[in-house]
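Undergrad: Chains as they are written, first to last, in my numbering: chain W, 21 to 345; chain V, 1059 to 1468.
Got a structure for you, written out below as structure tokens; questions coming shortly.
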Amino acid sequence: MRELTFMQATLEGLAEEMARDPAIFVLGEGIGKRGGNFNTTAGLYELYGERRLRDTPIAERGFVGLACGAAMTGSRPVVDFMFSDFLLDAFAELVNQIAKMQYMSSGRLKMPILLRGCIGIGHSAATHHSGSYYPLYGHVPGLRVVVPSTPADAKGLLKRALNSFDPVVFLEHRELLTTKGKVPDGEHQVEFGRASIVREGKDVTVVAIAITVRHSLAACEELAQEGLSVEVIDPRTVAPLDVETILASVRKTGRLLIADETLAPFGLGAEIAAQVADLGFDDLDAPIRRLNGSHVPTPYSPPLEAAVIPNSKSIAQAIRELAAE
Amino acid sequence: MAIEITVPRLGWNMDEGVFVGWLKANGERVRPGEMIYSLEGDKAIQEVESLDGGILRIPPNAPKAGERVVVGALLAYLVAEGEKAPFELPSRGTAATKAQAPAAAGRSQATVSRATAPSIAADRSSETSRNKAISPRARRVAAELGVDWQSIHGSGRTGRIRERDVRAAAQTSPIGAQPKPSGAKRVPLTAARRTIARRMLESARSTAPVTLTTKVDATNLVGWRKKMEAAAAGGIVPGYTDIFVKLAAVALKEHPQLNARLDGETMLLLEEINMGFAVDTPWGLVVPVLRDAARLDMMAVTGRSRELVERALARRLLPQEMEGGTFTVTNLGAYGVDAFTPIINHPQCAILGVGRIRREPAVAGEAIVAREMVTLSLTFDHRLVDGAPAARFLRTIASLIESPSAALDT
Chain W
21 MRELTFMQAT LEGLAEEMAR DPAIFVLGEG IGKRGGNFNT TAGLYELYGE RRLRDTPIAE
81 RGFVGLACGA AMTGSRPVVD FMFSDFLLDA FAELVNQIAK MQYMSSGRLK MPILLRGCIG
141 IGHSAATHHS GSYYPLYGHV PGLRVVVPST PADAKGLLKR ALNSFDPVVF LEHRELLTTK
201 GKVPDGEHQV EFGRASIVRE GKDVTVVAIA ITVRHSLAAC EELAQEGLSV EVIDPRTVAP
261 LDVETILASV RKTGRLLIAD ETLAPFGLGA EIAAQVADLG FDDLDAPIRR LNGSHVPTPY
321 SPPLEAAVIP NSKSIAQAIR ELAAE
Chain V
1059 MAIEITVPRL GWNMDEGVFV GWLKANGERV RPGEMIYSLE GDKAIQEVES LDGGILRIPP
1119 NAPKAGERVV VGALLAYLVA EGEKAPFELP SRGTAATKAQ APAAAGRSQA TVSRATAPSI
1179 AADRSSETSR NKAISPRARR VAAELGVDWQ SIHGSGRTGR IRERDVRAAA QTSPIGAQPK
1239 PSGAKRVPLT AARRTIARRM LESARSTAPV TLTTKVDATN LVGWRKKMEA AAAGGIVPGY
1299 TDIFVKLAAV ALKEHPQLNA RLDGETMLLL EEINMGFAVD TPWGLVVPVL RDAARLDMMA
1359 VTGRSRELVE RALARRLLPQ EMEGGTFTVT NLGAYGVDAF TPIINHPQCA ILGVGRIRRE
1419 PAVAGEAIVA REMVTLSLTF DHRLVDGAPA ARFLRTIASL IESPSAALDT
């Protein structure tokens, strides 16, 4: 096991897969010689040149359509959006073509395409560079939606994506990119649809994703001193969603909080709450609670920006209140 | 004005019953006097008659077949042609059940009562108690542990009962707190079973029972019955239970203090001798009552008891056919039992248990001879009668068994 940053871990995963599979190539703005805005392709241009690390103009719909066609005809494109907000400029290609193509071709066409980019609020990136939108992608049939929280999961899930024949939206929280964690040596892949029980506990279940996993773990430390034992579950993939693991945890604790930085309406928490209310009703000892980012465009001002997102304090408080319900 | 159809009280002690099913369809016209639904009371299923006419309208949340319903519970409405039922009107929600005790409670006939202001008030108060909040998990755990959560105080922020409250209650309550053992099957109690349980407990709690047993020579009785059998040539012959019912009734005439019950600070010596006799049915024990048994001759007792047993086995006993008993006979002879300790059918004074009749060696003078012997077990309420008079009563029955002709042939 080595200690790597989130960014180093995904780069390692991509490098390993590009070395293994010559059909993999990367499209994006500044991912060639520059090595990617977040060092997502650092050092790869030197190995593979512009044939496999292809810089694009600022024309998302065009190059996503190009990647769609490349995937249909046997290549394995990786589209690097820098900020996943820009994927919205190619939303129709994603929803209407990439997600549906296997279905429309009765499975004759495969769509091995990886679309990656940053999500999350922080560093005053402001409203055009702070979107997460995974509930939007999770809503679309045919897409795998990956939202890792640790370097090890990021590498394992990225490599899994590059071995999958389904389109994968891979979302990396920007505030996690420099965080460090242990990454297994050698070949390491993580299955889609397998949640991780990040911390075991018996009083309250917290489902957290991306940055809120870290916040929740910090909150747990604080609450343990108050005698509250909290279980933290990280679904790791929004689609497919591992409801079984969440249900098993709620069966134990009877209480469920979903802590998610993205917006509450029609979101991940709403989906999990509905499924648990449906399948785990008799296990619930309290109403299901959600803690989300505020339903507003992300502000630029640092104090306002800090005010619209959950943090370890607000998560701890939400857990306390839920335990008292 | 819609007329409410509510659950009547079919017997004196009935608090709730089981709704068996509708005899009329939703939307069907009902005439006064027509049977409208059937209801299982404490011990029998009975068809309930409509006292009014109109078009039957059954609300969607009305009790379903097999559900328990409390006396007074609202089942449906009778409405006029073209009239909307209350549950179809937007402003007034109507609960399908209400724990209202109708003014007609205690009447054993079918009732269809009209909505009145007090009944609406009763409805509201019962709503409040039913709205006590409990989490789904706590409700599940309460069912698993057999805890009655209605009496628990909730510790949730809004007073909601939580799992921990149920577990705490289960630990402090000695009764009904045992978790279900693994492999056990949970079977809901029928109305009949609940009634038996309640009555038995009531008797055990409120009487001072003493059981006397004695062995009696029944050779002559067996001989008498064989004679009857031969004479009947395939016709009806009194059964042993019938015979013991008759003999006990005759004996009670001489011992009125055994045909009595406590009434506050007084003892009621009852004039009528109404003999209950225990009948085992697939649904549990029932005790039909032979009214004025002392005045009936043996064949009349036999005929009437057969009729009651048949009705009991068809689940067709009317509540009034199980009421008013003053003494009970229970015969376990057919099951090979000799002596036992019957439980008094409260508020009666005593119960006679009859064992099997079998040939045994007996001493006659200096010789050992084979005789037909039977053991009698008399349980009496020592509050009402002492040991000696109870023993004298038992002696009277024994004499009647030893020399039965006089009592049985008249």
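By construction, the Cβ of each residue, glycine as well, lies at the ideal position given by its N, Cα and C atoms.
How about residue 341(W): is its C-beta nearer than 9 Å to some C-beta of chain V?
TA: It does; some Cβ of chain V falls within 9 Å.
Undergrad: Mind checking if residue 305(W) is an interface residue toward chain V, Cβ cutoff 9 Å exclusive?
TA: True, the Cβ-Cβ gap to chain V drops below 9 Å.
Undergrad: Buried or exposed for residue 1213(V), please, with buried defined as at least 16 other CB atoms from any protein chain shown within 10 angstroms of its CB.
TA: Exposed, since its Cβ has fewer than 16 Cβ neighbours within 10 Å.
Undergrad: What three-state label does DSSP hand residue 1116(V) in the structure shown?
TA: In this structure, residue 1116(V) counts as coil in the three-state DSSP scheme.
Undergrad: Helix, strand or coil for residue 302(W) per DSSP?
TA: Correct three-state label for residue 302(W): helix.
Undergrad: Kindly provide the ranges of any beta strand (DSSP E) runs that are 3 or more residues long and lie completely inside the stretch 30–94 of chain W, ordered along the chain.
TA: If we require 3 residues or more, the beta strand (DSSP E) runs fully inside the stretch 30–94 of chain W come out as 44–48 and 73–75.
Undergrad: Which of helix, strand or coil does DSSP assign to residue 149(W)?
TA: Residue 149(W): helix per DSSP, three-state reduction.
Undergrad: Below 8 Å, can you find three or more Cβ-Cβ pairs linking the stretch 1396–1413 of chain V to the stretch 1431–1448 of chain V?
TA: A contact exists between the stretch 1396–1413 of chain V and the stretch 1431–1448 of chain V.
Undergrad: Using the beta-carbon count (16 or more within 10 Å), is residue 1193(V) buried or exposed?
TA: So residue 1193(V) counts as buried.
Undergrad: Any idea what DSSP makes of residue 1313(V), helix, strand or coil?
TA: Residue state, collapsed to three classes: coil.
Undergrad: How many Å lie between residue 1345(V) and residue 1332(V) at the Cα?
TA: Computed Cα separation, rounded: 12 Å.
Undergrad: Report yes if the C-beta distance between residue 22(W) and residue 202(W) is below 9 Å; otherwise report no.
TA: For residue 22(W) and residue 202(W), yes; Cβs fall inside 9 Å.
Undergrad: Please determine, among 1078(V), 1116(V) and 1099(V), the residue with the shortest C-alpha to C-alpha distance to residue 1061(V).
TA: Nearest of 1078(V), 1116(V) and 1099(V) to residue 1061(V), Cα basis: 1116(V).
Undergrad: Can the beta-carbon of residue 298(W) be found less than 9 Å from the beta-carbon of residue 275(W)?
TA: Contact flag unset, no.
Undergrad: Along chain W, which residues have their Cβ under 8 Å away from the Cβ of residue 1214(V)?
TA: Result: 306, 344 and 345.
Undergrad: Tell me the rounded alpha-carbon separation between residue 146(W) and residue 1222(V).
TA: Taking the straight line joining both Cα atoms gives about 46 Å.
Undergrad: Quick one: does residue 274(W) have its CB under 9 Å from some CB of chain V?
TA: Cβ-Cβ to chain V under 9 Å: yes for residue 274(W).
Undergrad: Touch check for the stretch 285–304 of chain W and the stretch 261–268 of chain W: three-plus C-beta pairs under 8 Å?
TA: At 8 Å Cβ cutoff, the stretches touch.
Undergrad: Can you list the residues of chain V that residue 301(W) reaches, using a CB-CB cut of under 8 Å?
TA: Per Cβ cutoff of 8 Å: 1194.
Undergrad: From which residue to which residue does the beta strand (DSSP E) around residue 202(W) run?
TA: From DSSP, the beta strand (DSSP E) with residue 202(W) extends over 200–203.
Undergrad: Quick check on residue 1207(V): does DSSP put it in helix, strand or coil?
TA: Helix, per DSSP.
Undergrad: Just reading off the beta strand (DSSP E) that residue 1359(V) is part of, what are its end residues?
TA: Looking at the DSSP string, residue 1359(V) is not in any beta strand (DSSP E); the run it does join, the alpha helix (DSSP H), is 1356–1371.
Undergrad: Can you look up residue 129(W) in the DSSP assignment and give me helix, strand or coil?
TA: Here residue 129(W) sits in coil by DSSP.
Undergrad: Mind listing the chain W neighbours of residue 1244(V)? Cutoff is C-beta to C-beta under 8 Å, in chain order.
TA: None at all; the shortest Cβ gap to chain W is about 16 Å.
Undergrad: Helix, strand or coil for residue 1181(V) per DSSP?
TA: Caution applies to residue 1181(V), whose pLDDT of 39 falls short of 50 and renders its modelled position unreliable; the model cannot decide the point.
Undergrad: Going along the chain, which unbroken runs of the alpha helix (DSSP H) with 4 or more residues stay wholly within the stretch 1268–1299 of chain V?
TA: As far as the stretch 1268–1299 of chain V is concerned, its whole alpha helix (DSSP H) runs of at least 4 residues are 1277–1290.
Undergrad: Nearest CA to the CA of residue 198(W): which residue from 322(W), 123(W) and 60(W)?
TA: Minimum Cα distance to residue 198(W) is reached at 60(W).
Undergrad: Rounded to the nearest angstrom, what separates residue 137(W) and residue 244(W) at their Cα positions?
TA: Spanning the two alpha carbons is a distance of roughly 35 Å.
Undergrad: Return yes when the Cβ of residue 177(W) is within less than 9 Å of the Cβ of residue 210(W), no when it is not.
TA: Yes, the Cβ-Cβ distance between residue 210(W) and residue 177(W) is below 9 Å.
Undergrad: Below 8 Å on C-beta distance, what does residue 1221(V) contact in chain W?
TA: Residues of chain W passing the Cβ test: 274 and 305.
Undergrad: Comparing C-alpha positions only, which one of 1113(V), 1120(V) and 1427(V) sits nearest to residue 1139(V)?
TA: With distances taken between Cα atoms, residue 1139(V) lies closest to 1113(V).
Undergrad: Do you know offhand how far residue 194(W)'s Cα is from residue 247(W)'s?
TA: One C-alpha to the other measures close to 33 Å.
Undergrad: Throw me the rounded Cβ distance for the residue 1092(V) and residue 1126(V) pair, which I believe falls under 8 Å.
TA: In fact, because the Cβ distance is near 25 Å, the residues do not count as touching under 8 Å.
Undergrad: To the nearest angstrom, report how far apart residue 1408(V) and residue 1326(V) are at their CA atoms.
TA: Roughly 14 Å between the two C-alpha positions.
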